[in-house]
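Protein chains: 2
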Amino acid sequence: MDERAFLDDYDPTAFKRPSLAVDLVLMSVIAGAPAAVLRRRDVHPFRDSWTLPGAFVGIDESLDAAARRVLGGKAHLDDAYLEQLYTFGVVDRDPRTRIISVAYFSLLPADRFAAALAGDPALTLARLTLGEGDEAATAHTGNGAALPLGFDHGAILATALRRLRGKLDYSGIAFALLPERFTLRALQEVHEAILGTPLNKPAFRRRMLDRGCLAATGEREAGASFRPAELYRHLPEQGEV
Amino acid sequence: MDERAFLDDYDPTAFKRPSLAVDLVLMSVIAGAPAAVLRRRDVHPFRDSWTLPGAFVGIDESLDAAARRVLGGKAHLDDAYLEQLYTFGVVDRDPRTRIISVAYFSLLPADRFAAALAGDPALTLARLTLGEGDEAATAHTGNGAALPLGFDHGAILATALRRLRGKLDYSGIAFALLPERFTLRALQEVHEAILGTPLNKPAFRRRMLDRGCLAATGEREAGASFRPAELYRHLPEQGEV
DNA sequence: CCAAAAGTGTTGCTACTACACCCATGC
DNA sequence: GCATGGGTGTAGTAGCAACACTTTTGG
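Residue numbers (my numbering), protein chains in the order written: chain A, 45 to 285; chain B, 45 to 285.
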């Protein structure tokens, strides 16, 4: 009865089905700390708490497409890095009804969605913190005020932060948080913000350059008060996604 | 309209909802190769193809509980390693109706479910192969005959194999494929089967012992024709899951 | 004693870190 | 020229891979 064969005898209308949603963790790095886009709820439950942008999955829409739709709703962010994160399916995670949520996470440089945020006062880019063994992340405004999180979205944010940290040094994921041309210092600041620790400058430079995934452009940083740094590009190269 | 706020205005009965299932990749290592439990379908579609064990998610059942239920249906395997793998949600992945599947993957020593397999002729433990850039894994019997895979289960198996390989050397996942006490040679054979490459014996020994996650038991392997090897136990230790 | 496998010593390589230093630019 | 940050040289260290070697057991 429990097996896949069971699916064939199953009448799809016979039993109650859970609802299926996608939630989007749209992350960035701002002021040396990881951050994510949150929306302030104006209705119960969790009224005045902050939650991830999300949507129900259409009957003729793939999960990836639903996540892109949520992302696209924010602005013209079609080229953003996007990957599936985890599926949250505890029974009482939503007090209204049974909703399973497939969480996606997306990365963009902070300036790419500044306009979208400014256009909607219910949206904010919240700083995130996550302790070593913590179940859930916490969110704060730029001046340190705590932002209460609704549903299990603190746990979703924790999963996203851990994934980001875990993939940081083998996956080129950091480049999704930078403009097309960037200095090595900017790249190092992104790494430091995500890991939460300072890194040794020369060691970091060498490690990155020896990897072979960077190309010098010959151009220089503009507007520097002192010696301008060289701008690099990211080379996707061998078998990367 | 696309946002989380939308969820509140949403009438759960107004639109068609996808069905939600879990599929289980129950993996093991047998005869030096990775393997997974498959079931032969006796109905259309994909009649006589092989698919992963699965079940629909109950309305009052968490995803993890549904996966445990599928696992438990096989035998008394309640203590098996189990983790969520990925959620597959392409629109036409099932030709009958829209079904989203949350895939789980589980690990057990092969001898632990020999009895369960023998009790059901539609179940088999299939050898798996997966090329470097392949979209899908392929399944074979012990004597090399190909087993056709139904639905997108080849892609699910590919994801499971890659996850297994990726987590192998930092996560103690290999110990879930061994009995409680095991020799270093047995551990090495598990690693070699998963990676598909031979490993240097002394290097492997040292690497494992230096990690500090093994404890010598003082006991010796029984029934060896030559010098019996020492039996080790796995120490879960610092912050492992 | 011999075959076979367990287990160890030694070497060298590679990746990475740390520290010190030199270089280039704007004021 | 001098402050500031960009960029480089030179070790030293940890982890790991390869090879040769010794040890232990059953027959």
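Just so you know, even glycine gets a beta-carbon here, dropped at the ideal spot from N, CA and C.
Note that the structure is predicted; figures quoted are calculated from it, not measured.
Three or more beta-carbon pairs separated by less than 8 Å link the stretch 193 to 205 of chain A to the stretch 60 to 74 of chain A, which places the two stretches in contact. With its beta carbon at least 9 Å from every one in chain B, Tyr125/A lies outside the interface.
Within the same chain, and ignoring the five residues on either side of Arg85/B in sequence, the residues whose Cβ sits closer than 8 Å to its Cβ are Arg91, Asp92, Ser93, Trp94, Thr95 and Gly194.
Using beta-carbon distances, Gly133/B counts as an interface residue toward chain A, with a partner under 9 Å. Around Asp104/A, the beta-carbon contacts reaching into chain B at under 8 Å are Val135 and Arg142.
Contact holds between the stretch 147 to 164 of chain A and the stretch 110 to 126 of chain A, because three or more Cβ pairs, one in each stretch, are under 8 Å apart. Within 7 Å of the CB of Pro62/A, the CB atoms of chain B belong to Leu64, Val101 and Ile103, in sequence order along the chain. Along the stretch 223 to 253 of chain A, none of the residues has a CB nearer than 9 Å to a CB of chain B. Selection Glu265/A, Gly256/A and Ala166/A evaluated against Val87/A yields Ala166/A as nearest (Cα-Cα). Within 7 Å of the CB of Tyr130/A, the CB atoms of chain B belong to Gln128, in sequence order along the chain.
Residue state for Pro97/B is assigned as coil, using DSSP reduced to three classes.
Approximately 5 Å separates the beta-carbon atoms of Leu279/B and Ala259/B; this is inside 8 Å, confirming the contact.
Residue contact check for Leu152/B against chain A: no CB pair falls below 9 Å.
Per DSSP, reduced to three states, the secondary structure at Pro246/A is helical. Distance from the Cα of Val114/B is smallest, within the candidate group Ala189/B, Ile217/B and Val81/B, for Val81/B. Here Phe132/B is actually not in contact with Arg207/B; their C-beta atoms are around 14 Å apart, not less than 8 Å.
Counting only runs that start and end inside the stretch 225 to 270 of chain B, the alpha helix (DSSP H) elements of at least 4 residues fall at 228 to 239 and 245 to 255. DSSP places Ala124/B outside both helix and strand once states are collapsed to three, so it counts as coil. Among the residues facing chain B, Val69/A is not included, as its CB has no counterpart in that chain under 9 Å away.
Around Val146/A, the beta-carbon contacts reaching into chain B at under 9 Å are Thr131, Gly133, Ile144 and Val146. Leaving aside the five residues that flank Gly98/A on each side, the residues in its chain whose CB is nearer than 8 Å to its CB run, in chain order, Ala65, Val66, Asp67, Leu68, Val114 and Ser145. Arg250/B and Glu127/B have their C-alpha atoms roughly 29 Å apart.
Taking all protein chains in view, the Cβ of Phe219/A is crowded by 16 or more other Cβ atoms within 10 Å, so the residue is classified as buried. Taking 9 Å as the CB threshold, Leu161/A stays off the interface with chain B. At a beta-carbon threshold of 9 Å, the residues of chain A lying near Phe59/B are Phe100, Gly102 and Ile103, ordered along the chain. Residue burial is scored here from C-beta neighbours: Arg255/B has fewer than 16 other C-beta atoms within 10 angstroms and is therefore classed as exposed.
Only residues of its own chain outside the window of five on either side were considered, and among them Thr182 have a CB closer than 6 Å to the CB of Thr173/B, listed in chain order. A residue is called buried once 16 or more other Cβ atoms fall within 10 Å of its Cβ, and Ile103/B, having fewer, is exposed. With contacts defined by Cβ atoms closer than 9 Å, Ala79/A and Ala170/A form a contacting pair. Scanning chain B for C-beta atoms nearer than 8 Å to the C-beta of Leu174/A yields nothing, as the closest lies near 15 Å away. Here Ser63/A is buried, its C-beta having at least 16 other C-beta atoms within 10 Å. In this structure, Val73/A is the residue among Asp164/A, Val73/A and Arg61/A with its C-alpha nearest to the C-alpha of Leu239/A. By the neighbour-count criterion, in which a residue is buried when 16 or more other Cβ atoms sit within 10 angstroms of its Cβ, Tyr214/A is exposed.
Only residues of its own chain outside the window of five on either side were considered, and among them Gln232, His235 and Glu236 have a CB closer than 8 Å to the CB of Leu243/B, listed in chain order.
Scanning Ala110/B, Gly116/B, Pro153/B and Glu179/B for the CA closest to the CA of Ala147/B turns up Ala110/B.
Residue environment: Ala204/B is assigned as buried (16 or more neighbouring CB atoms within 10 Å of its CB, all protein chains considered).
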